[in-house]
Amino acid sequence: MSNTVIVGAQWGDEGKGKIVDILTSKVDAVIRFQGGNNAGHTIVLDGQKTVLHLIPSGILNKNCTCIIGNGVVLDPEVFCHEFDNLAARGLIDHPDRIKISDRTHLILPYHKQLDKAREEAMGEGKIGTTLRGIGPCYEDKVARRGIRVGELLYPELVLELIRQNVETHNKTLSTIYNAEPLDHRAVYKQVMAYADKICPLICNTSVYINALHKKGAKLLFEGAQGTHLDVDHGTYPYVTSSNTVAANACTGSGVGPTMIHNVFGISKAYCTRVGGGPFITELEDEVGKFLRDKGSEYGATTGRPRRCGYIDLCSLKHSVNVNGLTGLIITKLDVLSGLKTLKLATAYQYNNRTIDEMPTHVSILEICKPVYKEMPGWSENISSVKVFDDLPANCRDYLNFIEDSLEIPIVMVSVGQERGQDFVVKDIL
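The sequence shown begins at 398 in my numbering and counts up by one.
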């Protein structure tokens, strides 16, 4: 029996959706444990693209139960639209395949209004959020005034909680941001329009997951965003509003740490970032454009062009440490085909000193320069390779250097966006 956590080892967009989709053939349930519809997990099957924002990436496997854990923040409108779109394509044969924790917090219209007002007020200093209301929803959760999915079963309670929250947030919206106040009855009506679809899916997912575990089921915990967007361990304050690291798989799902056996981090063969914040290996030249165009580096959720750069081994070492990674999965290796020279950041230059760890403070990160190891590239098309030894020699050397530098094994490699354009290097699950 083997339960596994999948996390992004960079700034998100590493290809978690594809990898989770592949691995669902070997597991019984996939649990999403944090984040909201600021995530966009893309799966391509038979040329058809599916982008998932809230429903776990196991939904394309009809034998897999998909669980939204208590650590997620859920926009009821987005969830219902996503559910309906999948159902229309015949991908949800039984609604019972989807479970939502009664402790999952709801994203409400005032959260999105606050998110937008704050970003606009910050001007050039803005964080670069997706404006989906994620941060304000987590704020309400911590402030103990959040509204949880389970409350939808009690409409009168929901109305009163919304009335209290709208009264509080309207003061902020009108006084500080000069924004239009909201009507609590309109908010209530908007939320309850989706209750009939959501309520049958509500359950105590902690009890449900633990029961699966006792029966010997294999479980996969799916993270969103990436390690360097973690609110504690990322490039604060340019981070998301939740803990994206592997430890939160337990807190965000309602299970104990003894249930976890493997932790796999996913990293592109290069590096990307969306939004503001330091990005030491960022390339604003022809190589950066090559990576963006060939890798189709545009956000699945926002459509924003991603910032692109060489792989950063210092930041990946940080990911190994804070997640306790037992293996690494490399994606988009095929994108590098055609580059004559590749560079890997092995250290940073800061104030005439060489440092080999990721600094905590953004003010330091912003002035660090990468120290590169140069390696020869390859020209061969590798998108149909199925075995590690069939990769070009320079490509194998590139992967071996990454593995040796991080001191963890590379367990899987993806060489294209389709399911099947990948291969296992070392046995997993």
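Beta carbons: idealized from backbone N, C-alpha and C, even for Gly.
Practice problem: Could you tell me how far apart the beta carbons of Ile-452 and Phe-480 are, in whole angstroms, since I believe they sit closer than 8 Å? | Solution: As a working note, residue 452 is residue 55 in the sequence shown. As a working note, residue 480 is residue 83 in the sequence shown. Ile-452 to Phe-480, Cβ: 7 Å. Contact.
Practice problem: With distances taken Cα to Cα, identify the nearest neighbour of Asn-562 among Arg-545, Asp-537, Tyr-574. | Solution: The residue labelled residue 562 in the question sits at position 165 within the sequence shown. That would be Asp-537, whose Cα lies nearest to the Cα of Asn-562.
Quiz item: For Leu-616, which three-state DSSP category applies?
Solution: Position 219 of the sequence shown holds residue 616. Note: Leu-616 maps to strand in three-state DSSP.
Quiz prompt | Minimum length 3: unbroken beta strand (DSSP E) runs contained in the segment 712-790 | solution = Listed in chain order, the complete beta strand (DSSP E) runs (minimum 3 residues) inside the segment 712-790 are 724-728, 738-747, 750-752, 766-773.
Exercise. With a threshold of 16 other CB atoms inside 10 Å of the CB of Thr-572, please say whether the residue is buried or exposed.
Key: The sequence position of residue 572 within the sequence shown is 175, counting from 1. Exposed.
Self-check item: Simplified DSSP assignment, three categories, for Leu-549
Solution: The sequence position of residue 549 within the sequence shown is 152, counting from 1. Judged by DSSP in its simplified three-state form, Leu-549 adopts helix.
Self-check item: Beta-carbon gap between Ile-708 and Ala-666 smaller than 8 Å
Solution: Start at 1 with the first residue of the sequence shown, and residue 708 comes out as number 311. Start at 1 with the first residue of the sequence shown, and residue 666 comes out as number 269. Against a cut-off of 8 Å, the Cβ pair of Ala-666 and Ile-708 comes out as a contact.
Exercise. Tell me whether the beta-carbon of Leu-511 lies closer than 8 Å to the beta-carbon of Leu-570.
Key: Numbered from its first residue, the sequence shown carries residue 511 at position 114. Numbered from its first residue, the sequence shown carries residue 570 at position 173. A contact, by the Cβ cut-off of 8 Å.
Quiz item: What three-state label does DSSP hand Cys-600 in the structure shown?
Solution: Position 203 of the sequence shown holds residue 600. Cys-600: strand per DSSP, three-state reduction.
Quiz item: Any idea if Thr-641 is buried or exposed, counting beta-carbon neighbours within 10 angstroms, 16 or more meaning buried?
Solution: Indexing the sequence shown from 1 puts residue 641 at position 244. Per the 10 Å Cβ criterion, buried.
Quiz prompt | Three-state class that DSSP yields for Phe-661 in the structure shown | solution = In the sequence shown, the residue the question calls residue 661 occupies position 264. Strand at Phe-661.
Quiz item: Touch check for the segment 445-461 and the segment 628-646: three-plus C-beta pairs under 8 Å?
Solution: Per the Cβ contact rule, the segment 445-461 is not in contact with the segment 628-646 (fewer than 3 Cβ pairs under 8 Å).
Quiz item: Is it the case that the Cβ atoms of Phe-661 and Gly-706 are separated by a distance below 8 Å?
Solution: On the sequence shown, residue 661 is found 264 positions in, with the first residue counted as 1. On the sequence shown, residue 706 is found 309 positions in, with the first residue counted as 1. No, the Cβ-Cβ distance between Phe-661 and Gly-706 is not below 8 Å.
Quiz item: Using the C-alpha atoms, what's the distance from Arg-560 back to Ser-664?
Solution: Taking the sequence shown and counting its residues from 1, the one referred to as residue 664 is at position 267. Taking the sequence shown and counting its residues from 1, the one referred to as residue 560 is at position 163. One Cα belongs to Ser-664, the other to Arg-560, and the distance between them is close to 44 Å.
Practice problem: Over the uninterrupted alpha helix (DSSP H) stretch that includes Leu-528, give me the two end residues. | Solution: Within the sequence shown, residue 528 is the residue found at index 131, counting from 1. No alpha helix (DSSP H) holds Leu-528; DSSP gives it neither H nor E.
Exercise. Determine which residues share a DSSP beta bridge with Arg-429 and list them.
Key: Stepping through the sequence shown from its first residue, residue 429 is reached at position 32. Its beta-bridge partners are Ile-465, Glu-619.
Quiz item: Can the beta-carbon of Leu-616 be found closer than 8 Å to that of Ile-606?
Solution: The sequence position of residue 616 within the sequence shown is 219, counting from 1. The sequence position of residue 606 within the sequence shown is 209, counting from 1. Leu-616 is a Cβ neighbour of Ile-606, given a cutoff of 8 Å.
Quiz prompt | First and last residue of the uninterrupted alpha helix (DSSP H) at Ile-416 | solution = As a first step, residue 416 is located in the sequence shown; it is residue number 19 there, counting from the start. 413-420 is the extent of the alpha helix (DSSP H) around Ile-416.
Quiz item: Do Gly-414 and Thr-439 come within 8 Å of each other at the CB atom, strictly closer than that value?
Solution: Numbered from its first residue, the sequence shown carries residue 439 at position 42. Numbered from its first residue, the sequence shown carries residue 414 at position 17. The answer is yes: Cβ separation under 8 Å.
Quiz item: Does the Cβ-Cβ distance between Arg-403 and Val-417 come in under 8 Å?
Solution: Mapped onto the sequence shown, residue 403 falls at position 6. Mapped onto the sequence shown, residue 417 falls at position 20. It is worth fixing the name first, because residue 403 is Ile in this sequence and not Arg. For the pair Ile-403 and Val-417, the CB atoms are nearer than the 8 Å cut-off.
Quiz item: What's the call for His-491, buried or exposed, on a 16-neighbour Cβ count within 10 Å?
Solution: In the sequence shown, the residue the question calls residue 491 occupies position 94. Result: exposed.
Exercise. Could I get the ranges of all uninterrupted alpha helix (DSSP H) runs contained in the segment 639-701, with 4 residues as the minimum, in chain order?
Key: As far as the segment 639-701 is concerned, its whole alpha helix (DSSP H) runs of at least 4 residues are 645-648, 683-691.
Self-check item: For Ala-646 and Leu-722, the rounded distance between their alpha carbons
Solution: The residue given as residue 722 occupies position 325 in the sequence shown. The residue given as residue 646 occupies position 249 in the sequence shown. Leu-722 and Ala-646: Cα-Cα distance of roughly 13 Å.
Quiz item: Could you give the C-beta distance for Asn-435 and Thr-637, rounded to a whole number, given that I count them as a contact under 8 Å?
Solution: Locating residue 435 in the sequence shown gives position 38, where the first residue counts as 1. Locating residue 637 in the sequence shown gives position 240, where the first residue counts as 1. Asn-435 to Thr-637, Cβ: 7 Å. Contact.
Quiz item: Among all the DSSP beta bridges, which residues are the ones paired with Met-809?
Solution: Translated into positions along the sequence shown, residue 809 becomes position 412. The beta-bridge partner set that DSSP reports for Met-809 consists of Ile-726, Val-821.
Quiz item: Residues in its own chain within less than 6 Å of Ile-757 by CB, not counting five upstream and five downstream?
Solution: Within the sequence shown, the letter at position 360 stands for residue 757. The question names Ile, but residue 757 in the sequence shown is Thr. Result list for Thr-757: empty, nothing under 6 Å.
Exercise. Determine the direct distance from the alpha carbon of Ala-426 to that of Lys-496, and round the result to whole angstroms.
Key: Within the sequence shown, residue 496 is the residue found at index 99, counting from 1. Within the sequence shown, residue 426 is the residue found at index 29, counting from 1. Straight-line Cα distance between these residues: approximately 10 Å.
Exercise. In angstroms with no decimal places, state the Cα-to-Cα distance between Ile-799 and Gly-432.
Key: One-based indexing of the sequence shown puts residue 799 at position 402. One-based indexing of the sequence shown puts residue 432 at position 35. Approximately 29 Å between the Cα atoms of the pair.
Quiz item: What number of angstroms, rounded off, separates the C-alpha of Val-604 from the C-alpha of Asn-720?
Solution: As a position in the sequence shown, residue 604 is number 207, starting the count at 1. As a position in the sequence shown, residue 720 is number 323, starting the count at 1. Spanning the two alpha carbons is a distance of roughly 25 Å.
Quiz item: Which class does Gln-445 belong to by DSSP, given the choice of helix, strand or coil?
Solution: Position 48 of the sequence shown, counted from the start, is the residue given in the question as residue 445. Three-state DSSP puts Gln-445 in a strand.
Quiz item: When we look at the beta-carbon of Asp-801 and count the other beta-carbons within 10 Å, is it buried (16 or more) or exposed?
Solution: Taking the sequence shown and counting its residues from 1, one reaches residue 801 at position 404. Residue environment for Asp-801: exposed (fewer than 16 other C-beta atoms within 10 angstroms of its C-beta).
Quiz prompt | In DSSP terms, what Arg-704 is bridged to | solution = Position 307 of the sequence shown, counting from 1, holds the residue named residue 704. Checking the DSSP bridge columns, you'll see Arg-704 partnered with Arg-670.
Exercise. Per DSSP, which residues does Val-404 bridge with? Please list them.
Key: Reading the sequence shown from its first residue, position 7 is the one you call residue 404. Beta-bridge pairing links Val-404 to Gly-662.
Practice problem: Starting from Lys-496, follow the beta strand (DSSP E) in both directions and report where the run begins and ends. | Solution: Residue numbering aside, residue 496 sits at position 99 when the sequence shown is read from its first letter. Its beta strand (DSSP E) spans residues 495-498.
Quiz prompt | CA-to-CA distance, Cys-534 to Pro-806, given in whole angstroms | solution = The residue labelled residue 806 in the question sits at position 409 within the sequence shown. The residue labelled residue 534 in the question sits at position 137 within the sequence shown. The alpha-carbon atoms of Pro-806 and Cys-534 are separated by roughly 37 Å.
Quiz item: Since Ile-595 is in the alpha helix (DSSP H), which residue starts that stretch and which ends it?
Solution: Within the sequence shown, residue 595 is the residue found at index 198, counting from 1. First-last of the alpha helix (DSSP H) with Ile-595: 592-595.
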